[in-house]
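Enquirer: Encoded as structure tokens, here's the structure I'll be asking about.
Protein chains in written order, with my numbering: chain A, 873 to 1163; chain B, 70 to 517; chain C, 29 to 636.
So this is what it looks like as structure tokens:
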């Protein structure tokens, strides 16, 4: 049995992992909820964000510039992807949407591999994030600690956009009933574009923030995509609160299982998902109608 | 420290002796020609693969993914050896080869990216065997690839000079008659390393392990724990992490909370670099000394001296061995001239194995695989001179008996140039580090 | 079975016979051909799942790995000596895992289904690598898988194993093709086209989805077992997500819905991979190139390689069938035949002799605060034409959906010949003898008229679920008679072979009725059958309704009051979700409350 100190440490770490998963999953879920498109390129976009941070940090050394330039870059990528590809697929079956975004993901990953090579890139921790903070019994890396705050702020900003703006109205109406959106008299095409770009930005932002922690390489997004799926299955399809709560739950499952046996942490995540599918198929925050 | 010095001087003495012995044992010419073996039944790609004026060697190595830096270096070692042997220049002569090529045949080769996936490696090597009639297959940077390709080699009766693979199983449970491994097994590496680190850090240490959840990881853990046990070292945490982990935070929290004095990091290559950097973020190195039982080719440079300084470990080979072994000197010079950087041990494995194979073929006087295998198995009586001095394959399990370099990383201040990352602490003789014959459970398969 | 139908089998046999002698000259080793067939074998199952039933799974690697590792473990651990038995056991194990995963996945809609299969695939990967590594060898996999013995022959690597793969692939293809053309396959096609209507026609959609999911898992399991045999080694990568992804890409490139498409795609993938790698500077880009081809194929709705080939051969036949179909309905549509008695009818099981054909008892439907239907009770006399009318938003369609069990009432219940059907769901209700033609057409647009109607007749003949994989979909005589008669009744015999999407609107409306009719229903609900029709069509369809009402009970919602007053013997009027009045046409016409309710709304024909 692990010590209480370790369990508390892992619970805290689960919060850190969870907020990040929540950010990745919320990007996926607002696109899914509003446009009905399951974006299989989400993992590749996460990776692209990390590379954006790598490039800017390598040239300027400025984390803030990386975040800003990377953010603009991700918005551009999101707009381009929606205009060129995804827009053609709103009227097509879900399976086609999955296939085309899956293909786009392959192309993005392979293009990055072709340009940057398959080797791991390393992104330095920003100067204000170096060192360790002592939190009672727990020593925790400063950057990871700050990341919890930064990601929470981003999630809150996303909440404001979703619940306090007209775009948010469209998103939430879309989650409730896609047909209603047309009735609202909003420029739906533009709103869809904004939502898609916002979702891409969320994936990219997660990648940018995570870049200094993990090694950056072309295939890094794959596992995040799958984990984001698990988060959405747990939280409920297309639900923003579901993505946030599901993300936190997933982070805690991985981290707390690690206190007992690290090797089983991933397996446990999927086991919980399977159990939830039996007990509450629509997910914690999902509505019955949409499953 | 006395004990350590003793090891060092012993190794030096041995190396010297072996070096002196070089001239005598080398040039036993092949007694048979392939023609004389026409009576033998065809086997594998023989004689179809030796019918022309060239032979084909299939090379697979991870050119993408986390081990790709090691994998690319590995391939360059092969390319250099093939070029030298085909040319028949001074280096080929120094190794003891005669004329151009091997038995007068030029070496052609194909290189395929294994993507670090055993299935892809097997697929590519099978293509080389079936399409190109490869007479020898080689190369890998993981034990999973090694074991898979060895199995293929045994089935198709094509000789396999295993590439970089440290797991005990490669010459243990999964050993094959057609597979030969030159890298020290985890057993050898840990047996060589344990007394030196115990000497350095003292007795009765508490140890935490970061164990990647694959065969090699578990091999190293078991071996290291077993060989440090006599010095009173105990395991306080064994943190097994799933494959392809990129965020080590939960694993590192377990280690940080373990109360250990020593942190043994068994992760490899990019993952070793990454876990070390994250470990520093979690303050692990304020409390613990890191040991890396098998240090990957570029781990020192990529991690940087700030985190690596004082870290003990073993390596298959290090360029500073050029001071001890003339063939290492020739290798380093030729490699630098061709590729503009200093070779790492991945390259040495490719380079050295290719030469040993060529020498064995010339000694056997034929490419006929059973004859080459028997020549390699009989090499104890007639060791090969190599970049690691005199080396020979143990007939029992096809493990190369070779010295094990134990190294320690320099601090930034100690480094004289960018290549001066490690110092060789000791060169532990192979006979001293090797496992007892039956220990790893090897049962070699049939010759035909 | 006509000999001409066996052309694909004959061509495939010839290709498989010739391949090892021809393709070796263009860089294919036997090993590569074996791998292509192995991918092709998983692909056969996957194409049934995705191509036939429209279920996009990213989880096939889980079954591929399960089949492979179970077989390999049995053999390497000497638990079984026979490779054949081990392959069978591996296949079976994959099927069982498929059953478990499928049970959780198939009840969800497309997006959810794909996500869940992907997650279970990743779960399989982690299970293989960590908790089960004592059995699977973890990252090392299982080396030493033996080759099979066939009588006196050891099927060693190279040609012998190729022939084994070729025979198994051919057998797998023959079976898969039979499945596609079986009644079971017809239902899969219907589920792909319109799952809701397939369920409404009386087929158990989750049952068929689960069954085809298990079939695909069995194919994957066998292919996984063979992978170990091909290379004497069972690799852990079998479980990786890449395996699932590669299968999807290969299928799209090769041609989805063609059965051999995945094999063709694998040929392209593996050949490109091997040969592009040999070209300096281009080599590393092979996957990027394939990725771009894949995206272009998906965007341009192209059929893939095998799909294009098939299109070349079938294009003319299809064009001929479509020729002569007018853009819009012609006036004076053909008059229906006298309504014949259909051979396949739901059994008439009345709990008591005087039971009403259909009875609603206090049914209500609330959506949050919105009371769409509130406490409506009425009954329908057997053999009657009974109408439900009311202004837009009165709740007529909602009521109909509750009567047919498409949606569950919030309160109240429905009885069919005295038997309660509430809670059974639309599929069971249909099987008990209630049929419905929908307000908005719910057709299988990619199928022909005959196939649409056959779908309904099959549900009556075969029940909710049956795995008749081997017989032809058109081989049940009673079903074919039912199809011919129902098609004739709705006046579409001359369009029998035409794909439904090119039919003019009026004919689609009649087909909608034809499908409901062909379910062999005793009680038929017609939701606005005349909506959108030209005056001439209305006349014809009115006659049609009268004809089909002979020998069955008809309940009709319609805005065309002339038609209602002419057809119905009893009318129930709904207003704002409640029953306002009920009586004969004369009584309703005289009713003051009805007239007040309808003021302004009566003659508007906008959709409710």
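Heads up, the beta-carbon is just placed ideally off N, CA and C, and yes, glycines get one too.
#1: Using the C-alpha atoms, what's the distance from residue 33(C) back to residue 1092(A)?
#2: Just mark residue 439(C) as buried or exposed, buried being the case when its beta carbon has 16 or more other beta carbons within 10 Å.
#3: How would you label residue 617(C), buried or exposed, when you count the other beta carbons within 10 angstroms and need 16 or more for buried?
#4: Where does residue 17(C) fall in DSSP's three states?
#5: Counting only Cβ pairs nearer than 8 Å, list the residues of chain F close to residue 1146(A).
#6: How big is the Cα-Cα spacing for residue 1163(A) and residue 132(C)?
#7: As an exercise, report each continuous beta strand (DSSP E) stretch of at least 3 residues that is fully enclosed by the segment 337–423 of chain C, in chain order.
#8: Of all the options 158(B), 294(B), 342(B), 188(B), which has the alpha carbon lying nearest to the alpha carbon of residue 213(B)?
#9: Any residues in the segment 180–191 of chain C with a beta carbon nearer than 8 Å to a beta carbon of chain B? Which ones, in chain order?
#10: Where does residue 433(C) fall in DSSP's three states?
#11: Using a Cβ-Cβ cut-off of 7 Å (strictly less than) and excluding sequence neighbours within five positions of residue 278(C), which residues of its own chain qualify?
#12: Would you mind working out which of 894(A), 1158(A), 1081(A), 1068(A) sits nearest residue 938(A), comparing C-alpha positions?
#13: Against chain C, does residue 312(B) count as a neighbour if the rule is that its beta carbon must be under 8 Å from one of theirs?
#14: Rounded C-beta distance between residue 197(B) and residue 125(B)? I'm assuming under 8 Å.
#15: By Cβ distance below 6 Å, which residues in the same chain neighbour residue 331(C) in space, the five residues on each side in sequence not counted?
#16: Mind checking if residue 60(C) is an interface residue toward chain B, Cβ cutoff 8 Å exclusive?
#17: Residue 557(C): buried (16+ other C-beta within 10 angstroms of its C-beta) or exposed?
#18: What are the partner residues of residue 245(C), as DSSP defines its beta bridges?
#19: Check this for me: beta carbons of residue 1067(A) and residue 906(A), under 8 Å apart or not?
#20: Please classify residue 450(C): does DSSP put it in a helix, a strand, or coil?
#21: Please classify residue 98(B): does DSSP put it in a helix, a strand, or coil?
#22: Is it right to say residue 101(B) is buried, meaning 16 or more other beta carbons lie within 10 angstroms of its own, or is it exposed?
#23: From the beta carbon of residue 882(A), is the nearest beta carbon of chain B less than 8 Å away?
#24: In three-state terms, what does DSSP make of residue 1162(A)?
#25: Verify the CB distance criterion: does residue 211(C) have a CB-CB separation below 8 Å to chain A?
#26: Between residue 218(C) and residue 577(C), what straight-line distance do the alpha-carbon atoms span, to the nearest angstrom?
#27: Got a sec, what are the start and stop residues for the beta strand (DSSP E) residue 66(B) sits in?
#28: At what residues does the beta strand (DSSP E) containing residue 463(C) begin and finish?
#29: Under a CB-based cut-off of 8 Å, is residue 163(C) close to chain B?
#30: Measuring straight from C-alpha to C-alpha, what distance separates residue 120(B) and residue 204(B)?
#31: What does the alpha-carbon distance come out to for the pair residue 460(B) and residue 218(B)?
#32: Let's see if you can read the secondary structure: which residues bound the alpha helix (DSSP H) around residue 181(B)?
#33: Helix, strand or coil: which one does DSSP assign to residue 227(C)?
#34: Looking at the unbroken beta strand (DSSP E) that takes in residue 458(B), where does it start and where does it end?
#35: Of all Cβ atoms in chain A, is any one closer than 8 Å to the Cβ of residue 283(C)?
#36: If we count the other Cβ atoms within 10 Å of its Cβ and call it buried at 16 or more, is residue 110(B) buried or exposed?
Expert: Quick answer:
#1: For the purposes of this step, residue 1092(A) is taken as the residue at position 220 of the first chain. For the purposes of this step, residue 33(C) is taken as the residue at position 5 of the third chain. Cα to Cα, residue 1092(A) sits roughly 49 Å from residue 33(C).
#2: Position 411 of the third chain, counted from the start, is the residue given in the question as residue 439(C). Residue 439(C) is exposed by the Cβ-count criterion.
#3: As a first step, residue 617(C) must be located in the third chain, where it is residue number 589. Residue 617(C) should be labelled exposed.
#4: One cannot answer for residue 17(C) here, as it falls past the ends of chain C, which runs 29 to 636.
#5: Protein chains A, B and C are contained in the structure displayed, whereas chain F is not.
#6: Against the first chain, residue 1163(A) aligns to sequence position 291. Against the third chain, residue 132(C) aligns to sequence position 104. Caution is warranted here: a pLDDT of 39 is assigned to residue 1163(A), below 50, making its placement in the model unreliable, and no coordinate value can be reported.
#7: For the segment 337–423 of chain C, the continuous beta strand (DSSP E) assignments of 3+ residues that do not extend past its boundaries occur at 386–395, 398–408, 413–417, in sequence order.
#8: Translated into the one-based positions of the second chain, residue 213(B) becomes position 144. Closest option to residue 213(B), judged by alpha-carbon separation, among 158(B), 294(B), 342(B), 188(B): 188(B).
#9: Residues passing the 8 Å Cβ filter: 185, 186.
#10: Walking along the third chain from the start, residue 433(C) turns up at place 405. Residue state for residue 433(C) is assigned as coil, using DSSP reduced to three classes.
#11: Your numbering for residue 278(C) matches position 250 in the third chain. Exclusion of the five residues before and after residue 278(C) leaves 67, 71, 290, 293, 294, 297 as the residues of its chain whose Cβ lies within less than 7 Å of its Cβ.
#12: By 1-based counting over the first chain, the position of residue 938(A) is 66. When only C-alpha atoms are compared, the closest one is 1081(A).
#13: Here residue 312(B) refers to the residue found at position 243 of the second chain. Taking Cβ atoms only, chain C reaches closer than 8 Å to residue 312(B), which makes this a yes.
#14: Walking along the second chain from the start, residue 197(B) turns up at place 128. Walking along the second chain from the start, residue 125(B) turns up at place 56. Contact between residue 197(B) and residue 125(B) holds: CB atoms are separated by about 7 Å, below the 8 Å threshold.
#15: On the third chain, position 303 is the one that residue 331(C) refers to. Within the same chain, and ignoring the five residues on either side of residue 331(C) in sequence, the residues whose Cβ sits closer than 6 Å to its Cβ are 283, 339.
#16: Here residue 60(C) refers to the residue found at position 32 when the third chain is read from its first residue. True, the Cβ-Cβ gap to chain B drops below 8 Å.
#17: For the purposes of this step, residue 557(C) is taken as the residue at position 529 of the third chain. It counts as buried.
#18: On the third chain, residue 245(C) is found 217 positions in, with the first residue counted as 1. Within the DSSP bridge table, the entry for residue 245(C) names no partner.
#19: Here residue 1067(A) corresponds to residue number 195 of the first chain, with the count starting at 1. Here residue 906(A) corresponds to residue number 34 of the first chain, with the count starting at 1. One thing to note: residue 1067(A) has its Cβ within 8 Å of the Cβ of residue 906(A).
#20: Locating residue 450(C) in the third chain gives position 422, counting from the first residue. Residue 450(C) falls in the coil class under three-state DSSP.
#21: Locating residue 98(B) in the second chain gives position 29, counting from the first residue. Any reading at residue 98(B) must be qualified, since the residue scores a pLDDT of 39, below 50, and its modelled position is unreliable; the value itself is stated next. Reduced to three states, the DSSP call for residue 98(B) is coil.
#22: Indexing the second chain from 1 puts residue 101(B) at position 32. Legend: pLDDT at residue 101(B) = 47, less than 50; position of this residue unreliable, no value from coordinates given.
#23: Locating residue 882(A) in the first chain gives position 10, where the first residue counts as 1. Yes, contact with chain B.
#24: The residue you call residue 1162(A) lines up with position 290 of the first chain. The predicted model places residue 1162(A) with a pLDDT of 43, which falls under 50 and marks its position as unreliable; any figure quoted below should be read in that light. Residue 1162(A) falls in the helix class under three-state DSSP.
#25: What you label residue 211(C) is simply residue 183 of the third chain in a count that begins at 1. Answer no: the Cβ-Cβ gap between residue 211(C) and chain A never drops below 8 Å.
#26: For this step, residue 218(C) is matched to residue 190 along the third chain. For this step, residue 577(C) is matched to residue 549 along the third chain. About 27 Å.
#27: With chain B covering only 70 through 517, there is no way to say anything about residue 66(B).
#28: Position 435 of the third chain, counted from the first residue, corresponds to residue 463(C). Taken as a continuous stretch (DSSP letters only), the beta strand (DSSP E) holding residue 463(C) covers 462–465.
#29: For the purposes of this step, residue 163(C) is taken as the residue at position 135 of the third chain. Closer than 8 Å: no.
#30: In the second chain, counting from the first residue as 1, residue 120(B) sits at position 51. In the second chain, counting from the first residue as 1, residue 204(B) sits at position 135. Rounded to whole angstroms, residue 120(B) and residue 204(B) show a C-alpha spacing of 11 Å.
#31: Translated into the one-based positions of the second chain, residue 460(B) becomes position 391. Translated into the one-based positions of the second chain, residue 218(B) becomes position 149. Spanning the alpha carbons of residue 460(B) and residue 218(B) requires a straight line of approximately 23 Å.
#32: Taking the second chain and counting its residues from 1, the one referred to as residue 181(B) is at position 112. Element bounds for residue 181(B): not the alpha helix (DSSP H) but the beta strand (DSSP E), 175–182.
#33: For this step, residue 227(C) is matched to residue 199 along the third chain. For residue 227(C), the secondary structure class from DSSP, reduced to helix, strand or coil, is helix.
#34: As a working mapping, residue 458(B) is identified with position 389 in the second chain. Where residue 458(B) is concerned, the enclosing beta strand (DSSP E) stretches over 458–462.
#35: The count along the third chain starts at 1 and reaches residue 283(C) at position 255. Taking CB atoms only, residue 283(C) has no neighbour in chain A less than 8 Å away.
#36: Your numbering for residue 110(B) matches position 41 in the second chain. Its Cβ having fewer than 16 others within 10 Å, residue 110(B) is exposed.
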